[in-house]
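What follows is one structure encoded as structure tokens, with my remarks underneath.
6 protein chains.
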Amino acid sequence: MRPSARTADALRPIRITRQYTRHAEGSVLIEFGDTKVICTASVEESVPPFLKGKGEGWVTAEYGMLPRATNTRSRREAASGKQTGRTQEIQRLIGRSLRAVTDLSALGERQITIDCDVIQADGGTRCASITGGFIALHDALSALVTAGKLPALPIKDFVAAVSVGIYQGQAVLDLDYPEDSGCETDMNVVMTGSGRFVEVQGTAEGEPFSRDEMNALLDLADAGIRQLIDFQRKALGV
Amino acid sequence: MRPSARTADALRPIRITRQYTRHAEGSVLIEFGDTKVICTASVEESVPPFLKGKGEGWVTAEYGMLPRATNTRSRREAASGKQTGRTQEIQRLIGRSLRAVTDLSALGERQITIDCDVIQADGGTRCASITGGFIALHDALSALVTAGKLPALPIKDFVAAVSVGIYQGQAVLDLDYPEDSGCETDMNVVMTGSGRFVEVQGTAEGEPFSRDEMNALLDLADAGIRQLIDFQRKALGV
Amino acid sequence: MRPSARTADALRPIRITRQYTRHAEGSVLIEFGDTKVICTASVEESVPPFLKGKGEGWVTAEYGMLPRATNTRSRREAASGKQTGRTQEIQRLIGRSLRAVTDLSALGERQITIDCDVIQADGGTRCASITGGFIALHDALSALVTAGKLPALPIKDFVAAVSVGIYQGQAVLDLDYPEDSGCETDMNVVMTGSGRFVEVQGTAEGEPFSRDEMNALLDLADAGIRQLIDFQRKALGV
Amino acid sequence: MRPSARTADALRPIRITRQYTRHAEGSVLIEFGDTKVICTASVEESVPPFLKGKGEGWVTAEYGMLPRATNTRSRREAASGKQTGRTQEIQRLIGRSLRAVTDLSALGERQITIDCDVIQADGGTRCASITGGFIALHDALSALVTAGKLPALPIKDFVAAVSVGIYQGQAVLDLDYPEDSGCETDMNVVMTGSGRFVEVQGTAEGEPFSRDEMNALLDLADAGIRQLIDFQRKALGV
Amino acid sequence: MRPSARTADALRPIRITRQYTRHAEGSVLIEFGDTKVICTASVEESVPPFLKGKGEGWVTAEYGMLPRATNTRSRREAASGKQTGRTQEIQRLIGRSLRAVTDLSALGERQITIDCDVIQADGGTRCASITGGFIALHDALSALVTAGKLPALPIKDFVAAVSVGIYQGQAVLDLDYPEDSGCETDMNVVMTGSGRFVEVQGTAEGEPFSRDEMNALLDLADAGIRQLIDFQRKALGV
Amino acid sequence: MRPSARTADALRPIRITRQYTRHAEGSVLIEFGDTKVICTASVEESVPPFLKGKGEGWVTAEYGMLPRATNTRSRREAASGKQTGRTQEIQRLIGRSLRAVTDLSALGERQITIDCDVIQADGGTRCASITGGFIALHDALSALVTAGKLPALPIKDFVAAVSVGIYQGQAVLDLDYPEDSGCETDMNVVMTGSGRFVEVQGTAEGEPFSRDEMNALLDLADAGIRQLIDFQRKALGV
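Chains as they are written, first to last, in the UniProt record's numbering: chain A, 1 to 238; chain B, 1 to 238; chain C, 1 to 238; chain D, 1 to 238; chain E, 1 to 238; chain F, 1 to 238.
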């Protein structure tokens, strides 16, 4: 029995609110149950130095968590003067995942920055960030098309992410915090609309996992991400 | 005529949502029009080194802004590795303002940290932070009373804050961003329920201001803060 | 009775020494009693990036304190790797105060940096910095006029600052350290030669203060600053 | 045809030199072809604060690269004042991988720090670090047994790592730099002696990858890691 | 001919002002011509962690320069967030030099921090810091004796420092800035009252120097330091 | 008797391995007994800002030590976020020493960076770095000549370094760690092939040293460096 009484293959309630804040070109509040992340997309008409003059664009991400998004207050990274290794890993993952479905050469010399800020955490914040970040990115790019700055949406496919894990011997989908902190194996899967993988990151927190367990987890993730992409389509009306 | 078409002495619509997030002992979303700040209060059963063994408590504040809370994306302070001077000024002001109405010796050797994170900015974020931070503090302290850890609420008075300024030659209340960025003089006033000042910070952005102008601004602020404290009372049901 | 036996409206002995060090375009030692600050003005023939190409100049300030300027040695900021919030607040205040009386568009694309370094502290260091910094700025700008780089002095008015406070129930002028650390309310006032305010920063350290107390403090500050500006005129011989 | 003319399932020449330097409790030079990493294990008779008094030990890792280990000199992290996100990801991975096969409760309140310093890089540095780090850890723990500080070796299994990827449409084992920088998909696999996974990290650098491709990569990795563990056994003589 | 028209073996005018500032246990303004350094000694009744419980004391130094102590304004180290390599070299040298003449075991578990802050620079700031720092240290230690905290002055000898160099082919004593920046070889010599060396640091800025040149420089330094120690004796009245 | 049983004037076994790693333009492993340092030279076709457009080149050095190069693990500087004062002193010394024998104006607008990374430490790491760094520099410059980018080798002389000291009352050459940590006086001498000094840095760790002792140390260093330069010639085959 899962702490939330969900079945092994059930996502938490997913809510996607577009235009959540006013200033950003894309702004989304995404909720995976009690996990709530604000994802904004900001367009900048220039690229980082390593891309100057190449005619290509860039998509990057930054991730943060309000100090009291979690059960115990964690130290504010701005006050401690550096981002933790965990923060850096997550924001690199979000950036890679969104770049994988963006046609960077069709974007032109522009950078889109996706800011993912967790205002309440209950497990799965990086997956919610990727899933919601995609909507924010989509909105920002659509605005560029509407404004006549791009001829067509430079998006190659949908992308979403979910966590899966072995919790008390059973493969389960979309871990919440009690599962995440108590599971044997934790896997984050990023997948496209066409069912191909962008990232698979499986970690044995306790016992190492077998090939069969890995396959069971990938099956669950596959089904879960298909549902998440349906939520994305519905939210975007496409 | 003000950009928002408000009268000179009108506050923006004020909304206070308690229990906005789940984990903190006090959690408030406060809105001054389009300015939206999440204020959480976290209780810690220890005090900073300079208070160890003195039997007194402490209230402190940290302030942050999501990178795209503003019209143009600003750099994430956690990424740049330090808090700006502006951030530090604001969080010191919030902390002083809340300490001014807290009975620190009745609090015992505990620290309450008020985190004020701006998710959307339209002027007046420090005033919203103080006004909302007070509610979060009140909730956290009430919870300590309910839990039997404190015999009575160690709060001496209400406290709220508002900005006033000279905009196009006229003294106006509760500046929004277009007024704030275009005004001659900007003043932040922090006042208690008994009508006494905790902080008055007036700055001539353009022309220096006269004693008469200062008096007009203080009158406006006084009336505005009385209304804000009514909103606080209503929100708290006291 | 004040610890220094001064009357409530008496400044400490004020001494202004121009050309205190040799290299800077303006160099002043200012003393408010035992508070001693070296203020230098450095001219740079370029402006910060946000002003490039606008034809305007800039005045900025930096503030520091020798580690043993105070009764107890404080940590050297260069060694700890960052400036405290207090330092940043003060240097921002000095910069704003001096810009308020400088005609930045007449200055041309130049930056004047005012360094205020406290070699001995006894309260009122930020006020001494503003008052002495103005002389250093005046000297540096005069040198530009003398050198034919500016047609006229781009100074619109005098500016000086003083602290006032409620000490043992009484409003007093120009707080020294024993008063500063023991007072109920502390107010820093920055005023021009024409008697208008550039900054008013009042803080209740203990009891919040009333409107009447605020008025009494502003009256004292007004009289004190008029005397300080007389000292400035005398020092400059204008 | 691979740039190195290896067959798809061939490892590069593997060399393991124990007791490479003199001071550390375990010191190994591991070479995967032209990739050369010095792995040392340092024993400390205390644990990090979060483990104090729990009777358990800890294994952690740090990773670095000499500035000219690579074709182009990269900036020295000690000079730039921070470790890159990549460095932090890698050292967290090494630490997790080695902890997965260590019986931390049998280790007692001790910390083993594995330092992995790349002196020459040609792809696969994190995998070489894990594979060589295990030997260094084994040596340091054996020394504790020999010294009578531990009754038995607190090691539960062997662990090694290898990278696999899709290079020019083909799944290949143990990528060198030309393959690593040109491949479509890159996967790092960490596996135990009993053939279970500790970590699987697959990333689509270009095209997302299919489930079939993932399976082909895992098959290659499985075979490669079994060979690496044989090299480890031979080096350790167990 | 030297730029200052001094003879090759002439010191600049030396001035030592004790009790220069009010708060420190020792406070000295030392002037080597136009080089002016404030040296303070601060007593702390504890020692750094590496000396805890050993019954010994410690003497350490910190060095800084006001941004406009020099001809061109240099960046404030507190603002840039780190001390330069030059600053660190100098403060380590001052600390070593003063420890060499202090009986640390007779000092007890106390630390004396010598702060040397250059308010005007014209070459030789590290030598002036050592020479003046010794007086500040002497005063602080004498105060401990007077206060009955130490039975006798834990000072083993006098110590002073001077720079010498090869300027336009000639060995000269006590280089000022024009000589320092134009010389071939620069040597800083730290010597005790008994004529033994504590530090000798010779650097070829241009042409490497011969053994004969080195001997000529050491002769000059020896004579100069004897004079400086006479100035110290006179200042201290011992 | 020296701990190593060497005679007072004996160097440790010296080994120089060129082309030690693959990527750098010059790459040398130098061993002074158990002290082992990897020295690489990297050529960059640009100069630091202060030399832009002057037609001159630059040689600079960076120094590091693997955390477990020493008997006790020291903190990784990249993790602590800054280089120690000792590291900065050493890398400045290496850079100055190598620049002293390089014809910077013949080098053209190029920078050579010498990285010296200690993989095993047993005293004398800075001297080994200078001696080995010279070979790496020589190799990198020779490669520029071979590639036709320079008409002739811009090297004016050989340079090498050795430490000498007073150990148990006797002047000894090439201190190893037991001698270095126990000696009264420690001196690092950098000398050219023509027998002139580039740097002499003598420090009394315990008793100050006399002029006679200094002369004895310089004699030993002179003889030692002549041998080191022979090793360099042999290694380079010149």
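Just so you know, even glycine gets a beta-carbon here, dropped at the ideal spot from N, CA and C.
Exercise for review: Can you check DSSP and say which residues form a bridge with B/V37?
Suggested key: B/I30, B/V118.
Exercise for review: Give a yes or no on whether 7 Å exceeds the smallest Cβ distance from C/F209 to chain B.
Suggested key: Closer than 7 Å: yes.
Exercise for review: State the start and end residues of the unbroken alpha helix (DSSP H) segment that holds A/E77.
Suggested key: 77-80 is the span of the alpha helix (DSSP H), which, as asked, contains A/E77.
Review point. Smallest Cα separation from D/L141: which of D/I38, D/S42, D/A10?
Key: If we check each option's Cα against that of D/L141, D/S42 comes out closest.
Review point. Shorter than 7 Å from the beta carbon of E/P67 to some beta carbon of chain C?
Key: With 7 Å as the cut-off, E/P67 counts as an interface residue toward chain C.
Exercise for review: Please report how far the alpha carbon of A/R12 lies from the alpha carbon of A/A160, in whole angstroms.
Suggested key: A/R12 and A/A160: Cα-Cα distance of roughly 15 Å.
Practice item. Could you work out which residue in D/V101, D/P178, D/S74, D/L218 is closest to D/I155 when comparing CA atoms only? Key: Minimum Cα distance to D/I155 is reached at D/V101.
Exercise for review: Using a Cβ cut-off of 8 Å, pull out every chain D residue sitting near residue 268 of chain A, in sequence order please.
Suggested key: No answer is possible for residue 268 of chain A: it lies beyond the span of chain A, which begins at 1 and ends at 238.
Review point. Listed from N- to C-terminal order along the chain, which residues in the region 194-221 of chain D have their beta-carbon within a distance smaller than 9 Å of any beta-carbon of chain A?
Key: Within the region 194-221 of chain D, S194, G195, R196, F197, V198, E199, V200, Q201, G202, T203, A204, E205, G206, E207, P208, F209, S210, R211, E213, M214, N215, L218 place their CB atoms closer than 9 Å to a CB of chain A, listed in sequence order.
Review point. So, is the C-beta of F/E56 closer than 7 Å to a C-beta in chain E?
Key: With 7 Å as the cut-off, F/E56 does not count as an interface residue toward chain E.
Exercise for review: Determine, using beta carbons only, whether A/V190 and A/I130 come nearer to each other than 7 Å.
Suggested key: If you check the CB distance, A/V190 and A/I130 come in under 7 Å.
Review point. Mind checking C/N71: buried by the 16 CB within 10 Å criterion, or exposed?
Key: C/N71 is exposed by the Cβ-count criterion.
**Study point:** Cβ shell of F/F201 (< 6 Å), same chain only, five flanking positions each side left out
**Key:** Per the sequence shown, the amino acid found at residue 201 of chain F is Gln instead of Phe. Correct list, in chain order: N188.
Practice item. Could you check if A/P3 is buried or exposed, using at least 16 other CB atoms within 10 Å of its CB as the buried criterion? Key: Classification for A/P3: exposed.
Check your understanding: Considering only C-alpha positions, which residue in the set C/T17, C/I14, C/H23, C/R6 is nearest to E/Y177?
Key -> Here the closest residue by C-alpha is C/H23.
**Study point:** Residues sharing a beta bridge with F/S42, DSSP
**Key:** DSSP output for F/S42 lists F/T113 as bridge partner(s).
Point to revise | C-alpha gap between F/V238 and F/Q19, whole angstroms | key: Rounded to whole angstroms, F/V238 to F/Q19 spans 17 Å at the Cα level.
**Study point:** Element boundaries [beta strand (DSSP E), containing A/D186]
**Key:** Counted as a single uninterrupted DSSP element, the beta strand (DSSP E) harbouring A/D186 occupies residues 185-192.
Review point. Any idea if B/F50 is buried or exposed, counting beta-carbon neighbours within 10 angstroms, 16 or more meaning buried?
Key: By the C-beta density criterion, B/F50 is exposed, having fewer than 16 other C-beta atoms within 10 angstroms.
Practice item. Per DSSP, which residues does F/Y20 bridge with? Please list them. Key: In the DSSP output, where bridge partners are listed per residue, F/Y20 has none listed.
Review point. Under 7 Å between C-beta atoms, does A/Q88 make it to chain D?
Key: For A/Q88, the nearest beta carbon of chain D is closer than 7 Å to its own beta carbon.
Review point. To which residues of the same chain is D/A221 closer than 6 Å at the C-beta, ignoring the five residues directly before and after it?
Key: V162, V164, V189.
Practice item. Report yes if the C-beta of F/I155 is less than 6 Å from at least one heavy atom of the ligand SAM; otherwise report no. Key: What this structure holds is no ligand at all, so the ligand SAM is not there to describe.
Review point. CB-CB under 7 Å to C/D174, same chain, minus the five flanking residues each way: which ones, in chain order?
Key: Excluding the 5 residues flanking it on each side, C/D174 has same chain C-beta neighbours closer than 7 Å at L11, R12, F32, G124, V162, S163, G224, in chain order.
Exercise for review: Count the C-beta pairs between the region 107-120 of chain D and the region 104-113 of chain A that are closer than 8 Å, then say yes if the count reaches three, no if not.
Suggested key: Taking a contact to require three or more Cβ pairs closer than 8 Å, the region 107-120 of chain D and the region 104-113 of chain A do not qualify as touching.
Practice item. From the DSSP output, in three-state form, read off E/E62 for me. Key: Strand at E/E62.
Review point. Taking C-alpha atoms, which residue in B/E25, B/G55, B/K149 lies nearest to A/R73?
Key: It is B/E25.
Review point. Listed in chain order, which residues of the UniProt domain "Exoribonuclease phosphorolytic" (11-140) of chain B have Cβ atoms closer than 7 Å to some Cβ of chain C?
Key: The UniProt domain "Exoribonuclease phosphorolytic" (11-140) of chain B vs chain C, Cβ under 7 Å: K82, G85, Q88, E89, R92, R96, A100.
Point to revise | Pairwise C-alpha distance: C/M65 and D/Q83 | key: Looking at the two C-alpha atoms, the distance is approximately 32 Å.
Review point. Does any C-beta atom of chain E lie closer than 7 Å to the C-beta of F/T146?
Key: Not one chain E Cβ lies under 7 Å of F/T146.
Exercise for review: Could you check the C-alpha separation between D/V198 and F/V145 for me, to the nearest Å?
Suggested key: Between D/V198 and F/V145, the C-alpha separation is close to 51 Å.
Practice item. Compute the Euclidean distance between the alpha carbons of B/V47 and B/Q91, then round it to the nearest angstrom. Key: Cα to Cα, B/V47 sits roughly 18 Å from B/Q91.
Review point. What is the rounded straight-line gap between the Cα of C/R196 and the Cα of A/H138?
Key: Using only the alpha carbons, I get a separation of about 53 Å.
**Study point:** D/V164, enclosing beta strand (DSSP E) - first and last residue
**Key:** Its beta strand (DSSP E) spans residues 159-167.
Check your understanding: Can you find a C-beta in chain C that's less than 7 Å from the C-beta of B/T7?
Key -> It does not; no Cβ of chain C falls within 7 Å.
**Study point:** Reduced DSSP secondary structure (H/G/I, E/B, other) of A/L173
**Key:** Strand.
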